[in-house]
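Line order of the protein sequences matches chains A and B.
Under the numbering used here, the first residue of the first sequence carries the number 1, and numbering increases by one thereafter.
Under the numbering used here, the first residue of the second sequence carries the number 1001, and numbering increases by one thereafter.
Just below is one structure, and these are the notes that go with it.
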Amino acid sequence: MILRMKYRKTEAGRYLSHLDMARTIERTFRRAELPLVFSAGFNPHPKISFASALAVGVTSDGEYLDAELSELCRAEGVPALADKISRAAPKVIELLALMEIRKPERSLSAVINRARYLITLPSADPAGLARSKAAAAKLLEFETLSLKQPQGKNLRPWLYELSISVKDRQVVLDMLTETGQAGNLKPQDVLTLLNDECRANLDKPWLIHREGLYTQTGGGLRTPMDL
Amino acid sequence: MRKEVGDELQRILPQVVKPQRYLGGELNSAEKDWESVQVRYLFAFPDVYEVGMSHLGLQILYGLVNRRPDMLMERVFAPWTDMERFMREARLPLFGLESGRPMKEYDCIGFTLQYELSFTNVLNMLSLGDIPLWADERDNTCPLVIAGGPCASNPEPAAPFIDAFVLGDGEEVQLELLETVAAHRRVRNGAQDRDALLRELAGIPGVYVPSFYQPEYENGVLTRVSRIIPEAPARVTRRIIPDLETAFFPVKPLIPYIEVVHDRMVLELFRGCVRGCRFCQAGMIYRPVRERSLETLLGQARDLALNTGHHEISLTSLSSSDYSCIPELVKTLVGDFEERHIGVSLSSLRADAFSVHLAREIQKIRKTGLTFAPEAGTQRLRDIINKGVTEADITQAVDAAVQSGWRQIKLYFMMGLPGETMADIEGIVQLCEKILSEHPKRGVRITVSVSNFVPKAHTPFQWCGQDAQANLMEKQQFLRQKFRGRKIVYHYHDAATSLLEAVFARGDRRLAKVLHEAWRRGSRFDGWTELFNWEAWQGAFEAFGLDPEVLAGARFEEDQCLPWDHLDYGVDKVFLREEYRRAADGRTTPDCRRGECAGCGLCGRLDTSHVLWGAAGS
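Below, the structure is given as structure tokens:
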């Protein structure tokens, strides 16, 4: 059976790399005594596939993976399996949802094409806020944007939304970007562009958080749990 | 973690490599209430997180102390140079990973001394913790600074920086020491009277308080180390856990998030080894052999697999194929773990066919390289060092390995051994060529690694000086020439690093000022090639008119006072001297585990004996 899992990478795990997370998840599943299915070959590894790698320094409320388990555990039922995983998970991971899916035609990483990020800046003085808002509006007016002048890849088509607000007296940037196999716009690059092209002068450190991963279809954004 | 530390870290961590090194929070970490315990202990590992977290001793003590409701133990590792720079700039003192408290707030700091080249990191960590480096400069507000581990068997070069050393197995004495600290503070409303506390500690068997011992010199030669207070024992005897069956073992270890050096479960088969290799300190200071039973080990393995989720289990000890139930253990573990794809690995295999058959059992799951350590190139020299491995053992081991499908063989040797001549160095080449010529069609590849012999305290070779730098380099170059263009990969160790190890392994208290000066000149992480700063060390030696080559090369007379003579590890000095003489005559001494007693004196003097469970073993 194949399980699709939605999970959180918590603040405690901010500085873990994708490989660290992958290792941590495999160990969590082993401690939960899930009957993992292994690949064939010289160096077998469990069949766990991730929607998207998450960079060091970034937390998330919407990460996804598919894991193949032996049919033997179907009788236990998904809620019982979810409970086992939650109990075995260390504090960097939090299980948010678990469901059984049919064998997908395309891998999770192939169907994901959007990511929403929230970036929190250290403070929210009124001048800084006004400057950031103006910079964001200006950035969206550009028809082409690239990091390497003059002939870098045009990143502008991959930036779908960008807005700025104040939450808990801190400036928060909210952006929807292209991610996945067709292209990847990193939130750091958007921040760099805001500074370089629009003189936003954003204070560091930038605390980056991935709100979720989605598939843009005709009917709007859908999460891997709704596909 | 404390908010002020957390805020500072949030600013610093994005700028350093591997920030997770400084965050803790691993599964099974203990976050205990600071106020409700009687004593707060900070275990300090003088190397980076990834090295320290691979150390079984840390996991043992962590579980042992933290299961006590009246004690807490936290951890701290040496910050890498980038982190050190940020911490010093921000005036952020070194802190325990669990609570984020500055080092100074703990009651006791405990360093483990695993290798001489980590000594400068001990000083650097004290400095980053804002604790005076010299023990005699610390006052009643400072935490007690203790140290243990193999280098505590000659702690003299580090003695002026440490309040008390713990000798031998730590399981019992660590708790006794912390109980004493707790009781001491309890009757003083939380305060500390350092002199009184040190006197109390000196009364605990296995605790060595160096400030109560005075070295005496005549014409620059050490003549005596004598106690200056009657409460201190004339000689401090190391502690032994006589029975590992009932000893605590951490089946719920800390599980690091980032990749550490040994990312796996560890099963400790036994402690001690009595093969009697004359160069080997571990073979002398951890006697006798104390095995765990098959049932205990299998139970621990099952618990570990369930609690950790690791996909590899390592069977460790000083010579794993000597474990008397090794065939059953390997067979059962491989059977139990195969389905879950948990690999079994064996460390420290002897060079014989028996070991290869064991390795073949394991290979069913995961293929690993095969490593043997003949240590010397000729039988004559192997007899001098009492290696107990013959050329037939080695070639049969390689035959068995090749038959079983291994193509990559690693061989470990030493150079600069006592009694060594160029013929013995050539013997390394000849042995390798013989192996290659016996398997001409199989595509066997050999990796040869040759380290430099470092004479160590409490061994039969403790009287020997180290081979001169020029000789070592000549031998290294000789081998490089000989192995060039062959199907042999050749590695050797930096001679200057080994020189420093030799200076400190057999040094006395006068070296403390050199250590301090080298640290002041920037020496840190001396075991890390990219940071080893030989100029700083040379400058430090020169500042005191000392020549490291003279110190490392010095031969001690048989009747001379050795810097560690007041520390008793159980093996008779008379026995070591006899072994030294037998070495000179090329006479070997057999393993005493099942045969005749070799007369090292340990069992009678420390009232202990070998604990063996089965009949087999290599």
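Even for Gly, the Cβ is constructed at its ideal location relative to N, Cα and C.
Closer than 7 Å at the beta carbon, the chain B residues around residue i
i: A:K91; result: G1025
i: A:Y15; result: L1013, P1019, Q1020 and L1023
i: A:P205; result: Q1010, R1011 and P1014
i: A:R116; result: Here the premise fails: no neighbours, minimum Cβ distance about 22 Å.
For residue i, the first and last residue of its enclosing beta strand (DSSP E)
i: B:K1456; result: Taken as a continuous stretch (DSSP letters only), B:K1456 belongs to no beta strand (DSSP E), as it is neither H nor E.
i: A:S60; result: V58 to E68
i: A:A115; result: R114 to T120
i: B:P1215; result: Y1213 to E1218
i: B:R1625; result: This structure cannot settle anything about residue 1625 of chain B, because the visible part of chain B is limited to 1001 through 1618.
i: A:K167; result: L159 to K167
i: A:I93; result: I93 to I101
i: B:C1108; result: C1108 to T1112
i: B:G1646; result: Residue numbering for chain B in the displayed model covers 1001 to 1618; residue 1646 of chain B lies beyond these limits and cannot be assessed.
Cβ shell of residue i (< 8 Å), same chain only, five flanking positions each side left out
i: B:H1184; result: Q1192, D1193, A1196, L1197 and E1200
i: A:L124; result: Note on identity: in this sequence residue 124 of chain A is Ala, with Leu being the wrong assignment. Only V166, R169, Q170 and V171 meet the Cβ criterion.
i: B:G1006; result: G1100
i: A:L65; result: R4, M5, Y7, I25, I48, S49, F50, A51 and L108
i: A:I85; result: M5, T28, F29, A32, L34, L95 and L98
Close-in-space but distant-in-sequence residues of the same chain around residue i (CB under 6 Å, 5 per side omitted)
i: A:H209; result: T59 and L118
i: B:L1013; result: P1019
i: B:K1252; result: N1028 and N1307
i: A:R116; result: L176, E211 and G212
Under 8 Å by beta carbon: chain B residues contacting residue i
i: A:F38; result: H1341
i: A:A12; result: L1023 and G1025
i: A:P44; result: H1341
i: A:R31; result: L1306, N1307, T1308 and G1309
Neighbourhood of residue i by C-beta distance below 7 Å, restricted to the same chain and skipping five residues each side
i: B:G1599; result: F1575
i: B:T1332; result: L1298
i: B:E1361; result: V1330, K1331 and V1334
i: A:H18; result: A53 and L54
i: B:Y1257; result: Q1020 and E1026
i: B:V1037; result: D1070, M1071 and L1072
i: B:E1420; result: L1381
i: A:L121; result: Q170, V171, L202, D203 and W206
i: B:P1132; result: R1138 and C1142
i: B:W1463; result: R1555, F1556, E1558 and Y1580
Cβ-based burial, residue i [other Cβ within 10 Å; buried from 16]
i: A:M99; result: exposed
i: B:R1278; result: buried
i: A:H45; result: exposed
i: B:H1566; result: buried
i: A:G41; result: exposed
i: B:G1595; result: exposed
i: B:V1051; result: buried
i: A:P90; result: buried
i: B:V1145; result: buried
i: A:A75; result: exposed
i: B:T1223; result: exposed
i: A:P79; result: exposed
i: B:I1228; result: exposed
i: B:Y1217; result: exposed
i: B:N1189; result: exposed
i: B:H1491; result: exposed
i: B:M1422; result: exposed
i: A:T217; result: exposed
Amino acids of chain A, ordered along the chain, whose beta-carbon sits closer than 7 Å to that of residue i
i: B:I1362; result: In chain order: nothing, as chain A lies at least about 15 Å away.
Residue range of the unbroken alpha helix (DSSP H) whose run includes residue i
i: A:D189; result: P187 to C198
i: B:Y1049; result: Y1049 to G1052
i: B:L1126; result: F1119 to L1128
Amino acids of chain B, ordered along the chain, whose beta-carbon sits closer than 9 Å to that of residue i
i: A:R102; result: Correct list: empty, because the minimum Cβ distance to chain B is about 26 Å.
i: A:P187; result: Here the premise fails: no neighbours, minimum Cβ distance about 14 Å.
i: A:R199; result: Near A:R199 there are no residues of chain B at all, since even the closest Cβ is about 23 Å away, more than 9 Å.
| query | When you check each C-beta in the segment 1008–1021 of chain B against every C-beta of chain A, which residues fall closer than 7 Å? | reply | Q1010, R1011, L1013, P1014, P1019 and Q1020
| task | Could you run through the segment 1307–1324 of chain B and flag, in chain order, every residue whose CB is less than 8 Å away from some CB of chain A? | result | N1307, T1308, G1309, H1310 and H1311
| request: With 9 Å as the C-beta to C-beta threshold (strictly closer), list the residues of the segment 17–29 of chain A near chain B in chain order. | output: S17, L19, D20, M21, R23, T24, E26, R27, T28 and F29
| Taking Cβ-Cβ distances below 8 Å as the criterion, which residues of the segment 1235–1260 of chain B are in contact with chain A? | I1255, Y1257, I1258 and E1259
| request: Scan the segment 49–73 of chain A for residues whose Cβ lies nearer than 7 Å to a Cβ of chain B and list them as they occur along the chain. | output: G57
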